[in-house]
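For reference, the structure is listed below as C-alpha cells.
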Amino acid sequence: MALTKSFYRKVYIILEVIRVFAIVVIMKFPFGGWLIIFLIDTFDYYPALRTGITYSRYQQIDKSLDILNRLYFVLPAYFFSWPHRHFFLFLFLYRLVGEFFFFRVKSERYLFFFPNLLEFLFPAYIIFDKNLVLALMVALPLKLIHEYGLHIKGMVDPWSKAYIATHPEHRRKFRS
180 MALTKSFYRK
190 VYIILEVIRV
200 FAIVVIMKFP
210 FGGWLIIFLI
220 DTFDYYPALR
230 TGITYSRYQQ
240 IDKSLDILNR
250 LYFVLPAYFF
260 SWPHRHFFLF
270 LFLYRLVGEF
280 FFFRVKSERY
290 LFFFPNLLEF
300 LFPAYIIFDK
310 NLVLALMVAL
320 PLKLIHEYGL
330 HIKGMVDPWS
340 KAYIATHPEH
350 RRKFRS
C-alpha cells in the first residue's frame, strides 16, 4: 500500500506542531526538549518532500521554525540564569544575520559561514555542566562539519535523495 500525499502532509504538520510546542519540554527537561527538536529537524524533510512542497517553501518553513527553536535554546539560559547566557543570545543573533543573507542572496553558503552553533552547543553545555570552553571544543567542529555537509555539499538523507532523483521539481534552487 502506497502512502498518499495527504498522509505525509498530516505527518509533516504534526512534526512541525511538535517543534512549535517543544518549549514546554525544554523548560522542564532541556536536553530532552533539544533532542525532540533535533530529531524532528533532522528527519522532517522526508515527509515534507512527499507532500509536494517545493524546496524553497520547505526552506521558508524550516528556517522560520529554526529561528523559533533557537530562541528556545536561549530562553532556558536566561530563565535559569546560566553563566554564559549572553553568549547564547549572541549566537542566536549571529545565525539570524546568516539567515537574512541566505534569503536575500539565495546562497546556502551564508548558512555555513553563520553556523547554527546553538543547535550543538546547547546539549554540550548541559552535558559538560555549563563548561563553555569544553562545550565549544566539542560543538564547534561538529557543527561546522554538519553545516558544510548540508549547505556546501548539499547532502540529504538517502531516502530523500532517492525521492529527489525521481522528482526533479524538488531539486535545490539555492546556490551553495
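Each residue of the sequence shown is one higher than the one before, counting from 180 in our numbering.
The beta-carbon is built from N, C-alpha and C at its ideal position, and this holds for glycine as well.
| Asked | Found |
| --- | --- |
| Three-state secondary structure (DSSP) of S339 | helix |
| Selected residue, minimal CA-CA separation from Y237, among N248, L313, D220 | D220 |
| Cβ distance (whole Å) where F222 is taken to contact P302 below 8 Å | With a Cβ gap of about 17 Å, F222 and P302 do not count as contacting. |
| C-beta contact flag for K184 and T233 at 8 Å | no |
| Distance, L315 Cα to R350 Cα | 34 Å |
| Of the listed residues V312, Y225, G277, nearest to H263 (C-alpha basis) | V312 |
| For Y260, three-class secondary structure by DSSP | Contrary to the premise, residue 260 reads as Ser rather than Tyr in this sequence. In the structure shown, S260 sits in coil (DSSP, three-state: anything other than H, G, I, E or B). |
| Identity of the residue in R283, G277, K285 nearest F291 by Cα | G277 |
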